[in-house]
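The sequence shown begins at 11 in this note's numbering and counts up by one. Note that beta-carbon positions come from the ideal geometry of N, C-alpha and C, so glycine has one too. Okay, so here's the structure we're looking at.
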Amino acid sequence: MVDADMRLFLTWVMQGWNPSPNRVLRMIIFCLAALLPTLLPLSASADDRLFRLSAPEALIASGLLDYLRPRFSLKTGVRIEILSGDGEAEMAFGKTEGRAVFIGEGTTWRMRLRGTHAGATRFADWLTSEIGQRTLTSFEVDGRAPFSLPEVEERAEVALVFEGDAVAGKGLSLRHCGRCHVVSEENRMNAIGSTPSFAVLRALPDWGARFQGFFALNPHPAFTQVAEITEPFADHFPPPIVPVEITLDDLEAIMAYVSRVAPADLGAPIRHQ
Numbered sequence: 011m012v013d014a015d016m017r018l019f020l021t022w023v024m025q026g027w028n029p030s031p032n033r034v035l036r037m038i039i040f041c042l043a044a045l046l047p048t049l050l051p052l053s054a055s056a057d058d059r060l061f062r063l064s065a066p067e068a069l070i071a072s073g074l075l076d077y078l079r080p081r082f083s084l085k086t087g088v089r090i091e092i093l094s095g096d097g098e099a100e101m102a103f104g105k106t107e108g109r110a111v112f113i114g115e116g117t118t119w120r121m122r123l124r125g126t127h128a129g130a131t132r133f134a135d136w137l138t139s140e141i142g143q144r145t146l147t148s149f150e151v152d153g154r155a156p157f158s159l160p161e162v163e164e165r166a167e168v169a170l171v172f173e174g175d176a177v178a179g180k181g182l183s184l185r186h187c188g189r190c191h192v193v194s195e196e197n198r199m200n201a202i203g204s205t206p207s208f209a210v211l212r213a214l215p216d217w218g219a220r221f222q223g224f225f226a227l228n229p230h231p232a233f234t235q236v237a238e239i240t241e242p243f244a245d246h247f248p249p250p251i252v253p254v255e256i257t258l259d260d261l262e263a264i265m266a267y268v269s270r271v272a273p274a275d276l277g278a279p280i281r282h283q
């Protein structure tokens, strides 16, 4: 459409057409308005493929960023301009603010995004991905890898405290729960082998919620009655075994006992290299 208008305009000029200046100006504005939408996406796309990354001189001098930059750009087509210091940039590496991404040169280096630049966001995702982390740890200087990944920051564990009678709770646990679970050394050989022991359950991060609401977790609803909490068994669906019948005070005592059970050592979490 625009090409046709321009050809018509040039034809008129060659044939001696002499429009008024206002008409020519309107024609130029019309043509520019038609071309502008096709130019803007190209400009935005070009901006998305280049971002600035600021970092302290010590990190730049280590050679790590020059090692990461071409490998990321080759994969994504996004180029990185590295700036020394804390200059104006879409992303910054530093020692105090942001997400910890690697350790080296005697410090933990943190990454901080400034804004929502698509290229910088893509680099942040790549650097924290498995591929990016493997690339980072493969960087070597004189046969030594000077940078490593930070340890996962562990959350402070909040101790659960229960006011019940722990001694009574142990007896209740052996009587009601010991039919299936290993509660303590006393019934170590009398439980069902397919059920987890109290020590194993105690090692789970959500052990408190599991024990407090055990009566709602299968298979317990079919044979458990907690006074003032659970509904009576349906006439057409009687319990398959002798029911477990306890009160809220009994449950509080059981919780007090369980909170003192030493968690089983299930080994360290699996770590991907």
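Beta carbon of residue i nearer than 8 Å to that of residue j
i, j, result
"H230", "P206", "no"
"A213", "L276", "yes"
"A232", "P215", "no"
"A128", "F103", "no"
"I90", "R81", "no"
"F224", "S158", "no"
"V254", "T234", "yes"
"I92", "L74", "no"
"G188", "A266", "no"
"E98", "F172", "no"
"R120", "K105", "yes"
"R132", "T86", "yes"
"V268", "F221", "yes"
"R270", "A176", "yes"
"I264", "L182", "yes"
CB contact below 8 Å: residue i versus chain C
i, result
"D216", "Any reference to chain C falls outside this structure, which holds one protein chain only."
Identity of the residue in the options nearest residue i by Cα
i, options, result
"S72", "P156, R89 and P253", "P156"
"E107", "T118, V271, G97 and F61", "T118"
"G114", "R154, T234 and A134", "R154"
"V88", "D96, R62 and S94", "R62"
"R59", "L93, L74, E100 and D96", "E100"
"A337", "I202, P273 and I264", "Outside the modelled stretch of the chain, which goes from 11 to 283, sits residue 337, for which no answer is possible."
"I256", "L184, A219 and A201", "L184"
"R9", "F247, L137 and S94", "There is simply no residue 9 to check, as the chain begins at 11 and stops at 283 in what is shown."
"D57", "R270, L182, A130 and E196", "A130"
"A178", "D259, A244 and Q143", "D259"
"L69", "S83, L84 and G95", "G95"
"E195", "E67, G116 and K180", "K180"
"G116", "G218, V193, P242 and P160", "P160"
"L84", "R198, H246 and G142", "G142"
Opposing strand residues paired with residue i [DSSP bridges]
i, result
"L63", "I92 and M101"
"V236", "I256"
"A110", "R120"
"V151", "R154"
Subject >> Three CB pairs or more closer than 8 Å across the stretch 134-148 and the stretch 231-239 >> reply: no
Subject >> Residue ranges of each alpha helix (DSSP H) within the stretch 170-227, 4 or longer >> reply: Annotation note: the stretch 170-227 contains the following uninterrupted alpha helix (DSSP H) runs of length 4 or greater, listed N- to C-terminal: 176-182, 208-212 and 217-222.
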